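Peer 1: Going by UniProt numbering, the first residue of the sequence shown is number 1, and it counts up by one from there. C-beta: ideal position from N, C-alpha, C; glycine also. If you're wondering where the values come from, they're calculated on a predicted model, not measured in any experiment.
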Amino acid sequence: TEQRYNNDLKGEHIALGEGSVAFDQQKGYSGLFAAGINAVAGGKDAIAIGNQASATGNNFSIAIGSNAEAPMSNSIALGEGSIANLTLSQQGKQSYLTKEDWNGDYNGVLSLGRDLSGARAEVTRRIIHVAGGAADTDAVNVKQLKALEAKIPKAVDLSKYTTTDKLGAVIEQKLGDTYAKKADIPAVKTFKAVGDGISVTEKDNVITYTLDTSKLPQSSTGVYITEQRYNNDLKG
Numbered sequence: 001t002e003q004r005y006n007n008d009l010k011g012e013h014i015a016l017g018e019g020s021v022a023f024d025q026q027k028g029y030s031g032l033f034a035a036g037i038n039a040v041a042g043g044k045d046a047i048a049i050g051n052q053a054s055a056t057g058n059n060f061s062i063a064i065g066s067n068a069e070a071p072m073s074n075s076i077a078l079g080e081g082s083i084a085n086l087t088l089s090q091q092g093k094q095s096y097l098t099k100e101d102w103n104g105d106y107n108g109v110l111s112l113g114r115d116l117s118g119a120r121a122e123v124t125r126r127i128i129h130v131a132g133g134a135a136d137t138d139a140v141n142v143k144q145l146k147a148l149e150a151k152i153p154k155a156v157d158l159s160k161y162t163t164t165d166k167l168g169a170v171i172e173q174k175l176g177d178t179y180a181k182k183a184d185i186p187a188v189k190t191f192k193a194v195g196d197g198i199s200v201t202e203k204d205n206v207i208t209y210t211l212d213t214s215k216l217p218q219s220s221t222g223v224y225i226t227e228q229r230y231n232n233d234l235k236g
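(1) E69 by DSSP, collapsed to three states: which one?
(2) I think A46 touches T56, with their Cβ atoms under 8 Å apart; what is that distance to the nearest whole Å?
(3) Which residue comes first and which comes last in the beta strand (DSSP E) that contains A77?
(4) So does the stretch 58-68 actually touch the stretch 82-102, counting three or more Cβ pairs closer than 8 Å?
(5) Quick one: what's Y209 bridged to in DSSP?
(6) Please state the DSSP three-state secondary structure of T162.
(7) Would you identify the three-state DSSP class for L32, choosing helix, strand or coil?
(8) Which residue from Q144, G108, G113 puts its Cα closest to that of R126?
(9) On the three-state DSSP scale, how would you describe S214?
(10) Roughly how far, in whole angstroms, is the beta-carbon of N51 from the beta-carbon of I37, given that I think they are within contact range, below 8 Å?
(11) In whole angstroms, what separates the C-alpha of L16 from that of L32?
(12) Report the CB separation of S111 from L78 in whole angstroms; it is logged as a contact under 8 Å.
(13) Could you have a look at A150 and say whether DSSP puts it in helix, strand or coil?
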């Protein structure tokens with residue numbers, strides 16, 4: 001083996017392994033550590049462990065694993081071939097949905113893989129055994145997403161909005177049914193409600209059909225006789 005280290009100014013660096021290097025880019029910092037064949041640690045408190053691993057961010061970069069690379073400050077590359085780096089456009093990108101500002105160079109990133117680049121294949125890894133998050137900045141696991149999915153159908157029934165009724169079609173419903181389908185009609189239209197005791201009102205582009213049971217005829221058994229029929233005819 002060959003051991004090389006740089007005792008620049010304070011000189012408290014360690015390099016273990018053939019071709020490994022621990023050098024201080026900032027001139028005066030200590031605590032750099034490189035272990036592995038051709039491992040490189042550069043920058044304040046940099047740590048590089050693994051063959052060809054490199055941690056070269058200006059401050060506090062960590063690379064663990066063969067060929068792992070951490071060229072950004074405050075960043076961690078974990079696993080073989082992982083790269084903790086961002087393009088210039090990614091560094092200033094706001095968070096999805098919440099639109100929070102984020103300084104990638106200052107806050108750093110944790111990488112478990114890498115993007116596709118030339119002959120180097122994309123690498124992704126699955127994080128397992130993750131507890132359910134509670135705080136705004138906690139990770140969310142699959143169990144929590146399944147719980148959310150189970151609540152969505154109860155709040156919104158999308159199946160009611162998938163059918164389009166053609167112009168001129170007669171829509172028949174039983175008393176108590178909810179009509180919530182799209183109608184294929186022009187901008188100017190007239191709806192007609194047929195039946196005793198039925199009134200129609202419109203407000204804010206919402207048409208409401210109201211049934212007054214006191215105006216309905218009754219059978220000999222005292223049961224109301226009702227029929228609701230809507231016609232999407234232009235002239236009504």
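Peer 2: A quick look at the data gives this:
(1) strand
(2) 7 Å
(3) 76-78
(4) yes
(5) V200
(6) In this prediction, T162 has a pLDDT of 47, which is less than 50 and means its spatial position is unreliable; what the coordinates show is noted afterwards. In this structure, T162 counts as coil in the three-state DSSP scheme.
(7) coil
(8) G113
(9) helix
(10) 4 Å
(11) 11 Å
(12) 7 Å
(13) helix
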